Structure formats: structure tokens, C-alpha cells
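Participant:
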Amino acid sequence: MENNQSIFDTICRLREEQPGLPYRFQDERTAGQKDVLYVLASEGIPFWRKEDLAKECCGILKDLVNKEEAILTDPVLHHFLEHYPICSYFLELRERVRITLEAESGARERLYHLGMRLARSGTNPEQVKLGIILLGFFPYDTTKQIMRTLGYHSEYTLYVLESIQFIFPLQNNFIFELAKHTVGYGKLAAMFLLKPVRWEQQHWMMHEGIKSEFLANIYANLCIQKTDMRAYFKKTEITAANFTDFAYLICYGDYNNDSVTIDAQLDFLYKFIDKRDYATNFIDLGALVSIWYQVVDYWQQDYDFISQNETKYRRTKTMWDTRIARYEKLVHKVESFLHQPKWRHIVYQEISAPKESDSLIMKVLVYLNMHPDFPAFMEVLSRQPLGFNMLDFFLKINPEFYFDDVCEYLEAILNPDLYALPLETEEPENASVTDLMRADEWLLRLFEVMSEKRKYNEAWCIRGVHYRHAGVRKKAVQVLQQHRKKMVQPSRN
């Protein structure tokens, strides 16, 4: 956002320059990420600390309500918001403001104008978030429009969602509106709070809500948890138009839960497989492969149970035999359909311009026993150069095909400083813990392959001896010693 223009005005200008929803001018992978993950996936700070911060913030707001021009530049508010982000205590702040308004009704109008100034004129995201919290107590038409404008941007969706919880009428409809018109972490926050009670909302959740280029698993599982899957699958016919939507759900959803029995899942999988001629793209292929793995897993679980409970098996033999026959039939249908050569071409199209997750791509490659040349994976690797799924594919599943390529690849992308750092020292500048952990795991696996598969790359062993991570150094030394013994043994004979 530009420094000389408020965040609200900047959004309005960009919305006119790039019309349409969701907003295309936001970075959907980062907007709102920090705040939404903090609220949904962390314990946060202790409750007493949240209460203290909410109380302190309320005290600052009381001092500001009588000011006119100095609100946005007030040094006390600026210092407070800089050191204590709203996301860590905004629920407690909202409650304290609500109680304050009940006790001091005369402050309502002044607090409303303060919220408007912060939300509409703020140049700092924390100012805007604070303004949104305050405006949540004033369900006016103007306020609703401001909430929409800001709420469609994922950086502020969470705060709009929470601010409307107790005052705004038809809250669930408003939440649904935000869910439909946001992306990334804003959409995640909206879906988390949405109660899909109407058929329209359930249909959207199952066909549109599940879709994301980077949060697919989370979206899909959230949709499954919030929708009565058995009733939905029973009502909905699978057609050419919605086949890929169901494929998406199969690929990314964990529908193996207590609310849906195995037999009910098999009913749905049969229903889907019977429409397999609609399959045309990679996500459809991924769904069929996922079904194969899921059914084989069920089959193995039942086989293990029967092996350990022969008495129970004999008493219910007909039931078990019927289910196993269904497994066999499903597996055969998938295998015969995916035997067609066209699927390999579709896989190459996907890895050259990847849209789906690394894990799904790897699953399909393993099923089809495909080993594309390493350069074919450059677009996949560009999304996450040290992704764990691709690590497994290259060095755990297929080291005989990709070991040498991975050696060259790691040499090209890893910072040489990683081999010069002494143990137990500070980590290299600008390298996050996650990046370092990923590099450690790739190198550990590289040396494990050298040890287990009798592969050898002396240059990498020498680098490994000087690597920052103790485990990698140890592995590199072990491989060097193992190779030395191998070289010495013939001369002794």
C-alpha cells in the first residue's frame, strides 16, 4: 500500500483499476496468513496477558476519542500497535469495548467516529484492524459497505468476520458472502466461521469452497467437517459438469472419519467410478489414483482384522466376503481404466505447468510407475525447491533414478556458507529455520542413500563433513569410512 494514501483508499483505487472479486491485487498466499494462522493454529499468549493488553488498548482509545487531527499520528497508539499486534488480543478487546459501551452509552458516537477514522484513513494495517473492531458495534449501511470493502481483502477478513459476530443482523449470510469472494487465508477464516445450513451454502462448500492452489487439504477437510456428506452425496447426481469437483474432494479430503462408515464411502466411490468416462484432466486422474490407494488400504485393514479374528470372521463371513468383493471390483475398474496411454501425457502436462499439490503429483507418478527426466520437475520444484514430497519421490522411492541429478541440483541451489559454518553457531543471515530444516533433511537423506544403496559422491561427502548440521556431518563421515573400507578390502585379499 502507498504511504501517502490510506489503506482503504488504496483498496478502492486498485479495485477500480482491477475490477472483480476476489481482489486480484492482493498476494493470496501471504495476505492474512500470519494473523489467521495465529488465531486458528496457535495457543497465543496467556489469557491474563490478553486481558491486560485489551485493557491498556481501551485506555488509549478513551484518550483518543476527544482528539481530532492527532488520532492517526498519536505516538502512544503507534507505539502500542507496533509492539502488540491486534491479532493476539482482539477478542478480549472487542468484549471490553462492548462492556464499556454498555456502561458509557454517551461515548458511542465518539467511538464510532474514531473507528471510522482508523478504518478509512489508517495507513498502518494495525490501525485499520482496530478500526474494524470498533465499527463492528455500529451496524449502519455505511459501516457495512466499509466492512465489505476491507473484508474482501484477506489481510482484514478475519477482523471483519469477528467484529460482526454479535451486532450485525444476518451474520451467517454476510460470512457466506465473504467466503465466496475472498481467497487464501481470508477465505479460510470465513469458511471456518460459516454455518452452511442452506442447500446453496452446502453446494458451494462442496464444489467451490474446496478449491485452492495452496490450501486444498485444509479447505477440503473443513468442508467435509461442516457438511453432512452422506445426505449430500445421496441427493447429488454426479455429472460431467460436477465430476471434477468431486474429484477434487477425493484428492484432498480426509473423508475417512467416524461419521461416514466404510460401506457408505464405498457406495460413494462406486458412484464416482461408474462415471469415470467423464475423467479428462489431472485432478480426475488424481482422484482415481487416490481411490485405488484408499480401497487397497481398506482391503489391507480388513485382511489384517480377519487374520487376527477368525472366529468373528466365520460368524459374519457373508458380510466380509461381500465387502472384499467390492474392493476387488473397484480396484479392477480403476486399473483397467488408467491403463490407457493418455494418462501419461496428462501427467507430463501437469508437471510442466503444475496446479495441484506435490503430494498428489507424487502419488500419481508412483502409481503409474513413471520416472520423468529430472529437468521435467523444474516447475514443480520452483514452487518449493526443497519440498518433502519431492524429496521422498527422488531419494526415498526412486534413488536409483535420481541420485546423481539430486546431487547436482543441491549443489546448484544450496548456499555455500552452509558448509563453512562451525557447529552450534549462529545460522546464516536471511535463512529461516524452515529453509534450514528442509536443507538438513535433503542432505541427511542423500547420505542415507549413499550408505544404504551403495551410491557414492566424494565431493558431497567432503562438503558434508563441513556442513552446519551435526547429523549431516556424522552421516558424511560414516559414508567416507564405509567407502574407505570398501576400497581397502580388495588390496588385503
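If you use the working numbering, the sequence shown corresponds to residues 27 to 519, in order. Backbone N, C-alpha and C fix where the C-beta goes; we use that ideal spot for every residue, glycine too. What you are looking at is a predicted structure, and each value in this text was computed from that prediction instead of being measured.
Identify whether M388 lies in helix, strand or coil by the three-state DSSP scheme.
Facilitator: On the sequence shown, residue 388 is found 362 positions in, with the first residue counted as 1. Helix.
Participant: Could you give the first and the last residue of the continuous alpha helix (DSSP H) run that contains R134?
Facilitator: Locating residue 134 in the sequence shown gives position 108, where the first residue counts as 1. Its alpha helix (DSSP H) spans residues R134 to S147.
Participant: Sort E478, G497, E203 and N247 by Cα distance to P425 and report the nearest one.
Facilitator: On the sequence shown, residue 425 is found 399 positions in, with the first residue counted as 1. The shortest C-alpha separation from P425 is found at E478.
Participant: Mind the definition here: the region 160-169 touches the region 132-146 only if three or more C-beta pairs lie below 8 Å; say whether that holds.
Facilitator: The region 160-169 vs the region 132-146: in contact.
Participant: Classify K252: buried if its beta carbon has 16 or more other beta carbons within 10 angstroms, exposed otherwise.
Facilitator: As a working note, residue 252 is residue 226 in the sequence shown. That one is buried.
Participant: With C-beta atoms as the reference, is V91 less than 8 Å away from A133?
Facilitator: Locating residue 91 in the sequence shown gives position 65, counting from the first residue. Locating residue 133 in the sequence shown gives position 107, counting from the first residue. In this structure, A133 lies closer than 8 Å to V91 by Cβ.
Participant: Quick one: what's got a C-beta closer than 6 Å to Y211's C-beta in the same chain, skipping five residues either side?
Facilitator: On the sequence shown, residue 211 is found 185 positions in, with the first residue counted as 1. Same-chain partners within the cutoff: G58, Q59, V62 and S180.
Participant: Is DSSP giving G497 helix, strand or coil here?
Facilitator: By 1-based counting over the sequence shown, the position of residue 497 is 471. Of the three classes helix, strand and coil, the one that applies to G497 here is helix, per DSSP.
Participant: Taking contact to mean 3 or more Cβ pairs, one atom from each stretch, closer than 8 Å, check whether the region 374-384 and the region 435-447 are in contact.
Facilitator: No contact exists between the region 374-384 and the region 435-447.
Participant: With a Cβ-Cβ cutoff of 8 Å, do L311 and V392 count as a contact?
Facilitator: The residue you call residue 311 lines up with position 285 of the sequence shown. The residue you call residue 392 lines up with position 366 of the sequence shown. Not in contact: L311 and V392 (Cβ atoms no closer than 8 Å).
Participant: DSSP state of H179, grouped into three classes?
Facilitator: Numbered from its first residue, the sequence shown carries residue 179 at position 153. It is coil, neither helix nor strand.
Participant: Alpha carbon to alpha carbon, what distance is there between L127 and P111?
Facilitator: Translated into the one-based positions of the sequence shown, residue 111 becomes position 85. Translated into the one-based positions of the sequence shown, residue 127 becomes position 101. So the alpha carbons of these two residues sit roughly 23 Å apart.
Participant: Quick check: what's the CA-CA separation for M217 versus D254?
Facilitator: As a first step, residue 217 must be located in the sequence shown, where it is residue number 191. As a first step, residue 254 must be located in the sequence shown, where it is residue number 228. Their Cα atoms are separated by approximately 15 Å.
Participant: Along the chain, where does the alpha helix (DSSP H) that runs through K237 open and close?
Facilitator: One-based indexing of the sequence shown puts residue 237 at position 211. Segment: none, K237 is in no alpha helix (DSSP H) and carries neither H nor E.
Participant: Take the Cβ of T208 as the centre, count every other Cβ of all protein chains shown within 10 Å, and call the residue buried at 16 or more, exposed below.
Facilitator: In the sequence shown, residue 208 corresponds to position 182, counting from 1. That one is buried.
Participant: Of all the options I159, L241, V498 and I488, which has the alpha carbon lying nearest to the alpha carbon of L470?
Facilitator: Position 444 of the sequence shown holds residue 470. Of the listed residues, the one whose Cα sits closest to L470 is V498.
Participant: Consult DSSP for A379 and reduce its assignment to one of helix, strand or coil.
Facilitator: In the sequence shown, residue 379 corresponds to position 353, counting from 1. DSSP places A379 in coil when its eight states are reduced to three.
Participant: Using the beta-carbon count (16 or more within 10 Å), is H495 buried or exposed?
Facilitator: Counted from its first residue, the sequence shown places residue 495 at position 469. So H495 counts as buried.
Participant: Around the Cβ of Q228, are there at least 16 other Cβ atoms within 10 angstroms (buried) or fewer (exposed)?
Facilitator: As a first step, residue 228 must be located in the sequence shown, where it is residue number 202. With 16 or more Cβ atoms within 10 Å of its Cβ, Q228 is classed as buried.
Participant: Measure how close the beta-carbons of Y353 and Y324 come, nearest whole angstrom, since I'm counting them as under 8 Å.
Facilitator: One-based indexing of the sequence shown puts residue 353 at position 327. One-based indexing of the sequence shown puts residue 324 at position 298. Indeed they touch by this definition, with Cβ atoms about 6 Å apart.
Participant: Just the Cα atoms here: how many angstroms apart are A313 and D89?
Facilitator: Sequence index remark: in the sequence shown, residue 313 carries index 287 (1-based). Sequence index remark: in the sequence shown, residue 89 carries index 63 (1-based). If you take the alpha carbons of A313 and D89, they lie about 58 Å apart.
Participant: Contact between the region 394-410 and the region 334-350 is defined here as three or more beta-carbon pairs at a separation below 8 Å; is this criterion met?
Facilitator: No, because fewer than three Cβ pairs between the region 394-410 and the region 334-350 fall closer than 8 Å, the two stretches do not touch.
Participant: Between the region 74-84 and the region 113-130, do at least 3 Cβ pairs fall closer than 8 Å?
Facilitator: These segments touch.
Participant: Can you tell me the Cβ-Cβ gap for R55 and F240, rounded? I've got them flagged as a contact below 8 Å.
Facilitator: Translated into the one-based positions of the sequence shown, residue 55 becomes position 29. Translated into the one-based positions of the sequence shown, residue 240 becomes position 214. R55 to F240, Cβ: 6 Å. Contact.
Participant: Please state if the CB of V475 and the CB of L417 are separated by a distance shorter than 8 Å.
Facilitator: The sequence position of residue 417 within the sequence shown is 391, counting from 1. The sequence position of residue 475 within the sequence shown is 449, counting from 1. Cβ distance not < 8 Å, so L417 and V475 don't count as in contact.
Participant: May I have the straight-line CA-CA distance separating Q197 from C113, to the nearest angstrom?
Facilitator: Counting from 1 along the sequence shown, the entry for residue 197 is found at position 171. Counting from 1 along the sequence shown, the entry for residue 113 is found at position 87. Approximately 21 Å, taken between the alpha carbons.
Participant: Taking only three categories from DSSP, how would you classify Y49?
Facilitator: Taking the first residue of the sequence shown as 1, we reach residue 49 at position 23. Y49: coil per DSSP, three-state reduction.
Participant: Quick check on L66: does DSSP put it in helix, strand or coil?
Facilitator: Here the question's residue 66 lines up with position 40 in the sequence shown. Helix.
Participant: Between Y278 and I236, how many whole angstroms is the CB-CB distance? I'm expecting something under 8 Å.
Facilitator: Reading the sequence shown from its first residue, position 252 is the one you call residue 278. Reading the sequence shown from its first residue, position 210 is the one you call residue 236. Y278 to I236, Cβ: 7 Å. Contact.
Participant: Between N483, M232, L407 and T183, which lies nearest to H509 when the distance is taken from Cα to Cα?
Facilitator: Translated into positions along the sequence shown, residue 509 becomes position 483. Taking only the C-alpha atoms, the option nearest H509 is N483.
Participant: Could you check where the alpha helix (DSSP H) with I71 kicks off and where it finishes?
Facilitator: Mapped onto the sequence shown, residue 71 falls at position 45. Premise fails: I71 is in no alpha helix (DSSP H) and is neither H nor E.
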